[in-house]
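See structure below.
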Amino acid sequence: MDAHQKALAKAAHRHAQQIEQDLLRDYPRLWRELDDLRSAPPVTWPDWCLLPMGAPATIMTSTRFGDPTPPIAVAAALYAWRSPAPCGSPNPA
-6 MDAHQKALAK AAHRHAQQIE QDLLRDYPRL WRELDDLRSA PPVTWPDWCL LPMGAPATIM
54 TSTRFGDPTP PIAVAAALYA WRSPAPCGSP NPA
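Numbered per this note's numbering, the sequence shown spans residues -6 to 86.
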């Protein structure tokens, strides 16, 4: 990775961190609640799935009812980004 690529990667990381801070300002318990859903899933989902999109949708629409559409896809992507679990590994079966 050359210096330009490193600078771009650092800028992207800072941007993602800022988006995460903004998200947690509006939904301060989001990560904890998503972790709880992963620990005790209310339904069964495939092993390859870190967390279904319905999980952040459920939390974000129930905690701030009446607000504009919450950034559900952003929350799901950031949750996967910050997770130590491997994501996106295709199942060759």
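For glycine and all other residues, C-beta sits at the position ideal for the given N, C-alpha and C.
None of these values were measured; they are calculated from a predicted model.
Within 10 angstroms of the Cβ of residue i, are there 16 or more other Cβ atoms? Answer buried if so, exposed if not.
| i | result |
| --- | --- |
| Pro85 | The pLDDT assigned to Pro85 is 44, lower than 50, so where the model puts this residue is not dependable, and the model offers no usable value. |
| Leu1 | exposed |
| Met(-6) | exposed |
If we ignore side chains and look at the alpha-carbon of each, how far apart do residue i and residue j end up?
| i | j | result |
| --- | --- | --- |
| Arg7 | Pro35 | 34 Å |
| Ala66 | Trp74 | 12 Å |
| Lys(-1) | Arg22 | 32 Å |
Over the uninterrupted alpha helix (DSSP H) stretch that includes residue i, give me the two end residues.
| i | result |
| --- | --- |
| Ala66 | Ile65 to Arg75 |
| Trp38 | Where Trp38 is concerned, there is no enclosing alpha helix (DSSP H), given that its DSSP letter is neither H nor E. |
| Arg31 | Leu23 to Ser32 |
| Asp15 | Ala(-4) to Asp19 |
Going by beta carbon distance, what residues of the same chain come within less than 7 Å of residue i, once the five residues before and after it are set aside?
| i | result |
| --- | --- |
| Gln87 | What is shown of the chain runs -6 to 86, which leaves residue 87 out entirely. |
Kindly give me the distance between the Cβ atoms of residue i and residue j, rounded to whole angstroms, as I take these residues to be in contact under 8 Å.
| i | j | result |
| --- | --- | --- |
| Pro64 | Leu16 | 7 Å |
| Leu43 | Leu30 | The Cβ separation is near 11 Å, so there is no contact. |
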